[in-house]
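Working notes for the structure below.
Residue numbers (the working numbering), protein chains in the order written: chain A, 1 to 326; chain B, 1001 to 1342.
Here is the structure:
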């Protein structure tokens, strides 16, 4: 079995919460609070969770858009967590990111051609003509007309703009692409077009994805393995089918049962969670889910359960962070 | 959220929208956002309106209470009969009474529906004071009671908080409480759970269902989520580019979708049961601009069944069977529908 492309170990990304007259740090927002996960070459790891669970911060930590507080981010064996911006530069080619809102993440004053040429300029690749050719190739690859090269982002629809965002991300042939909610701003008929494009590019270019989204059905569809996040922690991870069919964590179960299914009259037992997600500034002691867990026991309020393997090992492991075997 | 037989669909309709047309003035000219839409809402029923951005579902809902953005938007034709009274021509004073007492509204983003500088209790009390001859103290007591009913913990403390102090789910509960304060006959909910997380969405949908059972109101639910429609509605209206593509009972529409657009939508959503990493069916292209609609059927440039006549004449909404209408020239010739779930 090959080695993982990316191995995140015990990653913590905390943000200081400032306030008062001199903006002194008054506390810590524990956005990502001890997460470990791995991505193997050519696979997709789906990361699911609700708003504020830390999934986007985790993605941004991996590309080092934010600096992690502690832990290791091993990319092909090199720890990116402590590298300086200068040391990071060669790795920026290898790890790219696609953002949620293609309207906000594209520079509205640059033509598509200029925007897509930038990565080549920064890394000093090719001359003007070869770069223009490469940009036109890229546009074709993501399903746009090469004539788009001289147009501005506002001339495109949301789906087309997301294609431009994808073209920018794959320009330098990266190995890993972090997709942060790439389809959640899009309408249903456009969403499926973009998901198909991502699946197709993965096959053709051998990409690995960290696919972050709040919609479990979308994540499960595009992923090999999935990880469920709650309040800065991974509570369950494993093969997508396995986690969907045999969820072991009470939160995963509630999440699956909360998704409205487009099948009328289906009789099923819906488990509606009471209460809301606690603040990551004041996480509860013990298990992060204990305040809403229907099966909570005294031990859950005291000890934080570690993520432990309950079936399989390594890449095929199914792991869960719960004191009990449900 | 009841499911009775719909054979008497043409019977007592609480709300009867006939041939509604809505226009907007834009820099590029007049855009007809809604063009000839008709539907009925029956007592105690939930009607879903589904479609993608720009299909006209939200402006349809806004027009019922004459809340179209002014001065650009206007109702350009049709009737909106509420218990027989036409709301399109009703005087402003009458509409205000309808808005505050008989038809309630819930918006997508609760923060925009609440006044940020007033305490929750004051905003809620206002709804009571407008219609009932009661003291402010009684109004506040009633506000506390209704907040408790929508599941807000310690409501006697929450009434003196400001909207920003509440979470998104709590704010939406406050908005629901305001909409229901005067026991309206109809509640119009425009994407009420779109901004919420899925576990909170489940709570809010459950709450609306309970309140409907308790108070017997009718609901118009606008959403882009077919899952939400399937789980909460009795009837559904599928809209595309300002027109009705298909309408019928939820059961019929999901079991026998007969418009290529409805089918396309149902096929394109990823489902948990799908085998992973398979290509999804898609609807090619994108929704046309209202200023540049194709001739004939508005879906023809994206439809895999389109023929010559689809590009020439617009299909009429015709009854397929009892309580199921479709607007497609070729609905009889489409292949039998196959459930997308493997």
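Beta carbons: idealized from backbone N, C-alpha and C, even for Gly. Fair warning: this is a prediction, and the values are worked out from it, not measured in the lab.
Asked	Found
Short-range partners of chain A found in the region 1162-1187 of chain B, where Cβ spacing is below 9 Å	1167, 1168, 1169, 1170
Partner residues on chain A for residue 1276 of chain B, Cβ-Cβ distance less than 8 Å	220, 221, 222, 223, 224, 240, 241
Nonlocal neighbours in the same chain, by C-beta distance under 7 Å from residue 117 of chain A, ignoring five residues either side	131, 135
Min CB distance residue 233 of chain A to chain B below 8 Å	no
Beta-carbon separation (whole angstroms), residue 180 of chain A vs residue 99 of chain A, contact threshold 8 Å	6 Å
Sheet register partners of residue 318 of chain A (DSSP bridge)	A:311
Near-chain A residues of the region 1244-1272 of chain B (beta-carbon distance less than 7 Å), N- to C-terminal order	1250, 1251, 1254, 1264, 1265, 1266, 1268, 1269, 1270, 1271, 1272
Test: residue 1230 of chain B CB closer than 8 Å to a CB of chain A	yes
Distance, residue 1163 of chain B Cα to residue 1111 of chain B Cα	7 Å
Cβ-Cβ separation, residue 216 of chain A to residue 256 of chain A (assumed contact under 8 Å), whole Å	7 Å
Residue 1313 of chain B burial status per 10 Å Cβ neighbour count (16 or more: buried)	exposed
Distance between residue 236 of chain A and residue 201 of chain A (C-alpha atoms, nearest Å)	28 Å
Residue 1336 of chain B, DSSP secondary structure in three states	coil
Residue 22 of chain A - containing beta strand (DSSP E), residue span	Where residue 22 of chain A is concerned, there is no enclosing beta strand (DSSP E), given that its DSSP letter is neither H nor E.
Beta carbon of residue 299 of chain A nearer than 8 Å to that of residue 310 of chain A	no
Min CB distance residue 1222 of chain B to chain A below 8 Å	no
Residues in the region 134-161 of chain A having any Cβ partner in chain B nearer than 9 Å	157, 158, 159, 160
Beta-carbon spacing of residue 80 of chain A, residue 208 of chain A below 8 Å	no
Same chain, Cβ closer than 7 Å to residue 1062 of chain B, neighbours up to 5 away in sequence not counted	1068
Per-residue contacts from residue 1280 of chain B into chain A (C-beta, under 7 Å)	192, 195, 196
C-beta neighbour in chain A for residue 1238 of chain B, strict 8 Å	no
Cutoff 8 Å: residue 337 of chain A Cβ touching any chain B Cβ	The displayed coordinates of chain A run from 1 to 326. Any statement about residue 337 of chain A would go beyond what the structure contains.
Backbone CA spacing between residue 1332 of chain B and residue 1265 of chain B [nearest angstrom]	19 Å
Distance, residue 187 of chain A Cα to residue 167 of chain A Cα	20 Å
Cβ-Cβ separation, residue 176 of chain A to residue 94 of chain A (assumed contact under 8 Å), whole Å	6 Å
Coil, strand or helix - residue 273 of chain A by DSSP	coil
Presumed contact (8 Å Cβ cut-off) between residue 1065 of chain B and residue 1103 of chain B, rounded CB distance	6 Å
Rounded Cβ spacing between residue 222 of chain A and residue 54 of chain A (contact assumed at less than 8 Å)	Actually they are not in contact, since the Cβ atoms of residue 222 of chain A and residue 54 of chain A sit about 21 Å apart, beyond 8 Å.
Residue range of the alpha helix (DSSP H) that includes residue 297 of chain A	Neither: residue 297 of chain A is in no alpha helix (DSSP H) and is coded neither H nor E.
Proximity test, Cβ basis, 8 Å: residue 1010 of chain B and chain A	Note that residue 1010 of chain B scores a pLDDT of 41, beneath 50, so its modelled location is shaky and nothing firm can be said.
From A:17, A:24, A:41, A:20, residue whose alpha carbon lies closest to that of residue 206 of chain A	A:41
Test: residue 1226 of chain B CB closer than 8 Å to a CB of chain A	yes
Inter-stretch contact at 8 Å, needing at least 3 Cβ pairs: the region 1012-1030 of chain B / the region 1204-1215 of chain B	no
Alpha carbon of residue 1109 of chain B to alpha carbon of residue 1166 of chain B, nearest angstrom	13 Å
Residue 105 of chain A CB to nearest heavy atom of the ligand GTP below 7 Å	Among the components of this structure there are no ligands whatsoever, and the ligand GTP is therefore not found.
Near-chain A residues of the region 1185-1211 of chain B (beta-carbon distance less than 8 Å), N- to C-terminal order	1197, 1198, 1199, 1200, 1201, 1202, 1203, 1205, 1206
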